[in-house]
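Residue numbers (the numbering used here), protein chains in the order written: chain B, 1 to 289; chain E, 1001 to 1443; chain L, 2001 to 2293.
Below: one structure, written as structure tokens.
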Amino acid sequence: MTFSTFFAFFLNGLTNAMTFFIIASGLTLIYGVLRILNLAHGSFFMLGAFFTFQLTHWLGNFWYALIFAPFICAVAGVLMERIFIRPVYGLPIPFQLLLTFGLMLLIADIVRIFWGVAFRTVTEPQVLSGTMNILGTSYPRYNFFVIIIGILVGIFIWILLTKTRFGKMIRASSSDREVANGLGINVPWLYTAVFGIGAWLAGLSGVLAAPLRSIMLEMDVHTIIEAFAIVVIGGLGSIPGALIGSLLLGQLNSFGTLYIPRFEMAFMYVFMAIILLIRPKGLLGEEVG
Amino acid sequence: MSKKVSRRKFLKDAGLFGAGMIGVPLLKGVSRGPSNAWAAAKPIKFGGIYSLSGVVAAWGKAGQQGAMMAAMEINQAGGILKRPVECKFEDDACNPEFGVRKTRRLVLDWGADFLHGFNHSGVALSAVPVLPELKRMLLIPCASSPAITTEAFNKYVFRPRANVYQSGAAAGVIASKMPHKKWTVIGPDYSFGWDAWGAFFYHLQKRKPDVECMQIQAWPKFAAGDFTSYIVKLLEAKPDAVYTPLWGGDFVTFLKQAKRYGFFEKIGAVITEGGLAVDGFYALSTKGGTESEVPEGVWGAAHGYWFDHPKTEKNQKWVEKFMSIYGEYPHNVAHDAYGCMYLYKKAIEKVKSINTDAVIEAMETMEFDTPGYARKMRKEDHSAVCEVPYGFTKKDPEKVGIAMNLVDIRDAPGKDVIEPIEDVLERRAKRTPPPWMKYVIKG
Amino acid sequence: MVFLNEMLIMILFAISFNLLFGYTGLLSFGHAAFFSIGSYVAGLVLLHIYPSIPLAFAIGVVAATLAAWIIGYLCVRLDEIYFAMLTLAFGMMVHTIVWKWDRLTGGADGLVNIPRPPLNFLLFQVDLSSIASYYYFTLILVAISLYVLWVIVNSHFGLTLRAVRENSERIQFVGINVRRYRLISFVISGFFCGLAGALFGPFLKSITPSIAFWTKSAEPVFMSLLGGTKIFLAPAVGSVIFMYLKEIISGYTELWMLYLGAILIGFVLFLPGGIVGFLYEKLKGRRLGGLAE
Chain B
1 MTFSTFFAFF LNGLTNAMTF FIIASGLTLI YGVLRILNLA HGSFFMLGAF FTFQLTHWLG
61 NFWYALIFAP FICAVAGVLM ERIFIRPVYG LPIPFQLLLT FGLMLLIADI VRIFWGVAFR
121 TVTEPQVLSG TMNILGTSYP RYNFFVIIIG ILVGIFIWIL LTKTRFGKMI RASSSDREVA
181 NGLGINVPWL YTAVFGIGAW LAGLSGVLAA PLRSIMLEMD VHTIIEAFAI VVIGGLGSIP
241 GALIGSLLLG QLNSFGTLYI PRFEMAFMYV FMAIILLIRP KGLLGEEVG
Chain E
1001 MSKKVSRRKF LKDAGLFGAG MIGVPLLKGV SRGPSNAWAA AKPIKFGGIY SLSGVVAAWG
1061 KAGQQGAMMA AMEINQAGGI LKRPVECKFE DDACNPEFGV RKTRRLVLDW GADFLHGFNH
1121 SGVALSAVPV LPELKRMLLI PCASSPAITT EAFNKYVFRP RANVYQSGAA AGVIASKMPH
1181 KKWTVIGPDY SFGWDAWGAF FYHLQKRKPD VECMQIQAWP KFAAGDFTSY IVKLLEAKPD
1241 AVYTPLWGGD FVTFLKQAKR YGFFEKIGAV ITEGGLAVDG FYALSTKGGT ESEVPEGVWG
1301 AAHGYWFDHP KTEKNQKWVE KFMSIYGEYP HNVAHDAYGC MYLYKKAIEK VKSINTDAVI
1361 EAMETMEFDT PGYARKMRKE DHSAVCEVPY GFTKKDPEKV GIAMNLVDIR DAPGKDVIEP
1421 IEDVLERRAK RTPPPWMKYV IKG
Chain L
2001 MVFLNEMLIM ILFAISFNLL FGYTGLLSFG HAAFFSIGSY VAGLVLLHIY PSIPLAFAIG
2061 VVAATLAAWI IGYLCVRLDE IYFAMLTLAF GMMVHTIVWK WDRLTGGADG LVNIPRPPLN
2121 FLLFQVDLSS IASYYYFTLI LVAISLYVLW VIVNSHFGLT LRAVRENSER IQFVGINVRR
2181 YRLISFVISG FFCGLAGALF GPFLKSITPS IAFWTKSAEP VFMSLLGGTK IFLAPAVGSV
2241 IFMYLKEIIS GYTELWMLYL GAILIGFVLF LPGGIVGFLY EKLKGRRLGG LAE
């Protein structure tokens, strides 16, 4: 294999990894702070993609979608948290799963009502179309854009969690809710904010993924299982863990098509199982940040 | 231009939205004739199961369009045996489990007398085995894996159109005239994809023994959504030519992604069995339908029918009528679903009864017409002796909304391309996999 | 009757799942693995080895039980959410294998045209090809299985299981090997889920990898939660409700997910004990308690 092809595969894996990372970091953040496993997280991803289609369709401009679609998802997330998630904080995990599964079904059909059953496609903006030459490899410009945004999001989250007061509140609440309460942190409000951020991230991932693939129903069901695998491998609640998990899965998807086209998907689950058996807390433990 | 395009879009959107709601019982009592007798006549119920949602929703919708158009016409002309035709449609969502359930539901709950449908071969293969317990006929206007009439065959299933053995033979003729030696495939990972490629290469190699079936092939799952890794993998292997059974939304997505990598410039020839059906053209048209993303020079069969061919008066009139009702060019599935309804009519009227066994017996040896072609049913496996068209893409601004056309279409003669019946019967008896499966290499 | 047939199969699936969930306190999110293994193995036997339902079912169930043993052995060392995640991982592994091993399983198209050969009892034959006859066959098998499960649940073993569920730490002090009990429960659950799967193949006449996907694993979880996990037959009620809703709603509209989703949400928010739990409390005036932590 030439270096050029290898690099193309590597970049493919990196692009995938970045879209995974953005959505997985949202999922893991929500779990880390709220201790909620949200099966409807993939639904925000799907909503982000569909909103992207709609906004580019109406406004003719991908950039508006990039800015607004994640915020619409965030608003949806905030509403979801306040109305549906709040009542179940004390309940055991099976109920959370049942509830979020119901939400997933609900959102899936709402998408169906508004956008019908046909699949949609979105074209990347003109300025990002075409290929770029890097290290002798010709690679789509848009994919580079996705990679860069992924890195920026990672940096943004890191700054948020470590350098801001808000971030300190998040980390405090994830360690111990009662103590955090005692310290005067308005925990319910914090939870809503975190859930909103998580939804924002999932929506953003959907926006970025939209031009890369076809947009259709059932995106939610497949995406959520991949996101779950990633956060388990990386460590439930750990953002750097989500990054590692995403990189792993992204490259696996990419090189797997080349070398182990038959069972590449199984490897992800095998890895997930190995981690759970050897080091259940994931590669990087379970502290947020 | 804008008026026609927006009407088409409206009908399309309305149709899609309508497809989201469950089957509409239609068309009862739309005709002349003494209203008392007509109103009192018990309708003959035709149940249609198509993929009305998902990646190939346009193909399911086309089936609905064709069947409804035929049903309306038939009712306007007095129905079948002076009874009105009633239609109901169910969505299988490309899901074999749904296919079985909906088939059962149409017969047991709604009381369908006759069935038609199935776009996806996998779904069809699952549904065919339940026909004997339901004792109902099924006419298939789209799904084209040969397994349906070979391994999975029972007397209730009919396929009044070509299967991929036949279209593979037609493609093999064309490919054998090309100088390309190294062929590979990117296709959906299920029976239709395997059979389409395998049969094609099987025929190609018989005509041109020096071609090479490359070891590196791409088999993304059906409705994959992201083909980029496969595209890079194929380009790396540097094939001379590529055959692709990708269809519906998969083909559209693939084409968009492949263009980013300069796929069509790097590959000598691309042949697609069903990718360039009319829905693909609509999806890939840009700037309000005046331009297209489809490259020129891609070979396609449009899955057995292209509206602009043959240029007979009958076909052209039909296309015009279709356009006036639906605002778009007819899809091949619409053409064949239309043909299915009329085939039913012909067979039922011949035996003057709706008794399933009698109609089967009449239909097995029947000659019948579709708007484009004249076909004949073969008794032993209920497949059709029919032509298979192949042409290549070229810009054509006169084609409203798609700006492209398939030109230089030649029809491979029916009796040349159909699989010899001895082979079919032998495979059925021995239950061996088809000889072309050895060309499917998955690594 | 077709609908009832399927409902019976799902009832068996849900109740055998609940042995692990409600009675042993372990949430498995990968139980479709055993259902699908039972289904595929039985189907393969019927198609390629010998068309005999008893033989096919026996081998299918053995395969599912074996898988449950292996997977269970690895899983019972973990608790709570990790247990759930690991079962999910194994469930999806089975799904991938079933899907990608297409020479054996038919890949995405699955096994097609599974026969329903008559039962041969030496002296007479029972024809199973009609819808009604297969329904009665299913009814008998499911009834027997439920009876066996009932006996197990009410035995000394079953009592110990419930103790394990309530306080696994404490019970170790009484000398009970928690892991062993959990594993046995897991294996029994796998056995009957495999049987449910085996019944499913000839019912639908074809099976595809979707019966191994995680959403299929979710079904018995939700049926149990809907009906109630503390009473033996409660998951059956949940199954009935779930399937009935799906069937009825999808008869009127393609938007069944909307209504089903809304109902599930409503249940969690208002009836966490499940329908049966709710009624039980009302009738008996005492609390069953929610799920154990």
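Virtual Cβ for every residue (Gly too), placed ideally from N, Cα, C.
Remember, predicted model here, so these are calculated numbers, not experimental data.
(request) Can you give me the Cβ contacts of Ser1126 of chain E inside the same chain, cut-off strictly under 7 Å, excluding the 5 residues immediately before and after it? (result) Stepping through the second sequence from its first residue, residue 1126 of chain E is reached at position 126. Pro1096, Gly1099, Val1100.
(message) Which same chain residues end up closer than 7 Å to Leu135 of chain B when comparing Cβ atoms and leaving out the 5 residues on each side of it in sequence?
(response) As a working note, residue 135 of chain B is residue 135 in the first sequence. Same-chain partners within the cutoff: Phe7.
(request) Identify whether Lys1346 of chain E lies in helix, strand or coil by the three-state DSSP scheme. (result) Stepping through the second sequence from its first residue, residue 1346 of chain E is reached at position 346. The answer is helix: DSSP assigns Lys1346 of chain E an H, G or I state.
(message) Closest to Ala290 of chain B by C-alpha separation, out of B:Pro280, B:Ala266, B:Phe45, would be which residue?
(response) Since the first residue of chain B shown is 1 and the last is 289, residue 290 of chain B is not available in this structure.
(request) Consider the Cβ of Tyr1050 of chain E: report whether some Cβ of chain L lies at a distance smaller than 8 Å. (result) One-based indexing of the second sequence puts residue 1050 of chain E at position 50. Judged by the 8 Å Cβ criterion, Tyr1050 of chain E is not in contact with chain L.
(request) Provide the residue span of the alpha helix (DSSP H) that contains Met132 of chain B, from first to last. (result) By 1-based counting over the first sequence, the position of residue 132 of chain B is 132. Counting along the chain, Met132 of chain B falls outside any alpha helix (DSSP H), though it belongs to the beta strand (DSSP E) covering 131 to 134.
(message) Suppose contacts are defined by Cβ-Cβ distances below 8 Å. Is Val1388 of chain E in contact with Gln1205 of chain E by that definition?
(response) Reading the second sequence from its first residue, position 388 is the one you call residue 1388 of chain E. Reading the second sequence from its first residue, position 205 is the one you call residue 1205 of chain E. Result no, Cβ atoms of Val1388 of chain E and Gln1205 of chain E do not sit closer than 8 Å.
(request) Please state whether DSSP places Arg86 of chain B in a helix, a strand or coil. (result) As a working note, residue 86 of chain B is residue 86 in the first sequence. Arg86 of chain B falls in the helix class under three-state DSSP.
(request) Identify whether Met1377 of chain E lies in helix, strand or coil by the three-state DSSP scheme. (result) In the second sequence, the residue the question calls residue 1377 of chain E occupies position 377. Strand, per DSSP.
(request) Answer yes or no: do Ala1162 of chain E and Ala1384 of chain E have a C-beta to C-beta separation smaller than 8 Å? (result) Position 162 of the second sequence, counting from 1, holds the residue named residue 1162 of chain E. Position 384 of the second sequence, counting from 1, holds the residue named residue 1384 of chain E. Contact: yes.
(message) Going by DSSP in three states, Met1021 of chain E sits in which element: helix, strand or coil?
(response) The count along the second sequence starts at 1 and reaches residue 1021 of chain E at position 21. At Met1021 of chain E the pLDDT is 29, less than 50, meaning the model places this residue with poor confidence and gives no usable figure here.
(request) Under 7 Å between beta-carbons, which chain B residues line up against Phe2090 of chain L? List them in chain order, please. (result) As a first step, residue 2090 of chain L is located in the third sequence; it is residue number 90 there, counting from the start. By Cβ distance, chain B contributes Ala273.
(request) Might you give, ordered along the chain, the residues of its own chain that have their beta carbon closer than 7 Å to the beta carbon of Gln2172 of chain L, omitting 5 neighbours on each side? (result) If you number the third sequence from 1, residue 2172 of chain L lands on position 172. Cβ neighbours of Gln2172 of chain L beyond the five flanking positions: Val2178.
(message) Which residues of the segment 50 to 72 of chain B have a Cβ closer than 9 Å to any Cβ of chain E? Give them in chain order.
(response) none
(request) Pick helix, strand or coil for Met2001 of chain L, following the three-state DSSP scheme. (result) Numbered from 1 along the third sequence, position 1 holds the residue referred to as residue 2001 of chain L. Reduced to three states, the DSSP call for Met2001 of chain L is coil.
(request) Enumerate in chain order the residues of its own chain whose CB-to-CB distance from Glu2247 of chain L is below 8 Å, with the five nearest sequence positions on each side excluded. (result) On the third sequence, position 247 is the one that residue 2247 of chain L refers to. So the qualifying residues of the chain are Phe2003.
(request) Compare the C-alpha of Gly2043 of chain L against each of L:Arg2165, L:Val2098, L:Leu2146, L:Leu2226 and name the closest. (result) If you number the third sequence from 1, residue 2043 of chain L lands on position 43. That would be L:Val2098, whose Cα lies nearest to the Cα of Gly2043 of chain L.
(request) For Tyr2259 of chain L, I'd like the list of residues in its chain whose CB is within less than 6 Å of its CB, leaving aside the five on either flank, ordered along the chain. (result) The residue given as residue 2259 of chain L occupies position 259 in the third sequence. Ile2249, listed in sequence order.
(request) Could you name the residues of the same chain whose beta carbon sits closer than 7 Å to that of Phe255 of chain B, not counting the 5 residues immediately before and after it, in chain order? (result) One-based indexing of the first sequence puts residue 255 of chain B at position 255. For Phe255 of chain B, where only same-chain residues beyond five positions count, the Cβ hits under 7 Å are Phe9, Gly13.
(request) Compare the beta carbon distance of Trp1299 of chain E and Tyr1390 of chain E with 8 Å and say whether it is the shorter of the two. (result) Here residue 1299 of chain E refers to the residue found at position 299 of the second sequence. Here residue 1390 of chain E refers to the residue found at position 390 of the second sequence. Yes, Cβ-Cβ distance for Trp1299 of chain E and Tyr1390 of chain E is below 8 Å.
(request) Use the C-beta contact count for Ser1144 of chain E: other C-beta atoms within 10 angstroms, 16 or more gives buried, fewer gives exposed. (result) Position 144 of the second sequence, counted from the first residue, corresponds to residue 1144 of chain E. Under this definition Ser1144 of chain E is a buried residue.
(request) With DSSP collapsed to three states, give me the class of Gly1262 of chain E. (result) Taking the first residue of the second sequence as position 1, residue 1262 of chain E is located at position 262. Note: Gly1262 of chain E maps to coil in three-state DSSP.
(request) Closer than 7 Å by C-beta to Gly1187 of chain E: which residues in its own chain qualify, once you throw out the five before and the five after it? Chain order, please. (result) Against the second sequence, residue 1187 of chain E aligns to sequence position 187. Closer than 7 Å at the Cβ level, and outside the excluded window around Gly1187 of chain E, lie Gly1193, Ala1196, Trp1197, Trp1219, Thr1244, Pro1245, Leu1246.
(message) I'd like the list of long-range same chain contacts for Trp2214 of chain L, defined as Cβ closer than 8 Å, with 5 residues on each side in sequence excluded.
(response) As a first step, residue 2214 of chain L must be located in the third sequence, where it is residue number 214. For Trp2214 of chain L, where only same-chain residues beyond five positions count, the Cβ hits under 8 Å are Phe2029, Gly2030, Ala2032, Leu2088, Gly2091, Met2092, His2095.
(message) Please tell me whether Pro280 of chain B has its Cβ less than 8 Å away from any Cβ of chain L.
(response) As a first step, residue 280 of chain B is located in the first sequence; it is residue number 280 there, counting from the start. Judged by the 8 Å Cβ criterion, Pro280 of chain B is in contact with chain L.
(request) State the CB to CB distance for the pair Gly1066 of chain E and His1335 of chain E, rounded to an integer number of angstroms; the pair is presumed to be in contact (CB under 8 Å). (result) Along the second sequence, one-based indexing puts residue 1066 of chain E at 66. Along the second sequence, one-based indexing puts residue 1335 of chain E at 335. Sure, about 6 Å apart at Cβ, within 8 Å.
(request) Look up Arg120 of chain B in the DSSP assignment and say whether it is helix, strand or coil. (result) Within the first sequence, the letter at position 120 stands for residue 120 of chain B. Note: Arg120 of chain B maps to strand in three-state DSSP.
(message) Does the CB of Glu2219 of chain L have a neighbour CB from chain B at under 8 Å?
(response) Numbered from 1 along the third sequence, position 219 holds the residue referred to as residue 2219 of chain L. False, the Cβ-Cβ gap to chain B never drops below 8 Å.
(request) Please list the partners that Ala1152 of chain E has in chain L, where partner means a Cβ-to-Cβ separation under 8 Å. (result) Numbered from its first residue, the second sequence carries residue 1152 of chain E at position 152. Within chain L, the residues near Ala1152 of chain E are Val2112, Asn2113.
(request) Kindly identify the DSSP beta-bridge partner or partners of Asp1091 of chain E. (result) Within the second sequence, residue 1091 of chain E is the residue found at index 91, counting from 1. BP columns for Asp1091 of chain E point to E:Tyr1050.
(request) Determine the extent of the beta strand (DSSP E) in which Val1242 of chain E is found, giving its start and end residues. (result) Working through the second sequence from its first residue, we reach residue 1242 of chain E at position 242. Residues 1241 to 1244.
(message) Using C-beta distances below 8 Å, list every residue in its chain close to Arg1104 of chain E, excluding the 5 sequence neighbours before and after it, in chain order.
(response) Counting from 1 along the second sequence, the entry for residue 1104 of chain E is found at position 104. Cβ neighbours of Arg1104 of chain E beyond the five flanking positions: Val1130, Leu1134.
(request) Assign Cys73 of chain B to one of three DSSP states: helix, strand, or coil. (result) Along the first sequence, read from residue 1 onward, the residue named residue 73 of chain B stands at position 73. In the structure shown, Cys73 of chain B sits in a helix (DSSP, three-state: H, G or I).
(request) Could you tell me the distance, in whole angstroms, from the CA atom of Cys2075 of chain L to the CA atom of Gly2107 of chain L? (result) One-based indexing of the third sequence puts residue 2075 of chain L at position 75. One-based indexing of the third sequence puts residue 2107 of chain L at position 107. Roughly 28 Å between the two C-alpha positions.
(request) Alpha carbon to alpha carbon, how far is Ala2067 of chain L from Leu2149 of chain L? Give it in angstroms, no decimals. (result) Translated into positions along the third sequence, residue 2149 of chain L becomes position 149. Translated into positions along the third sequence, residue 2067 of chain L becomes position 67. Approximately 20 Å between the Cα atoms of the pair.
(message) Looking at Asp1411 of chain E: is its Cβ nearer than 8 Å to the Cβ of Asn1405 of chain E?
(response) Within the second sequence, residue 1411 of chain E is the residue found at index 411, counting from 1. Within the second sequence, residue 1405 of chain E is the residue found at index 405, counting from 1. No, the Cβ-Cβ distance between Asp1411 of chain E and Asn1405 of chain E is not below 8 Å.
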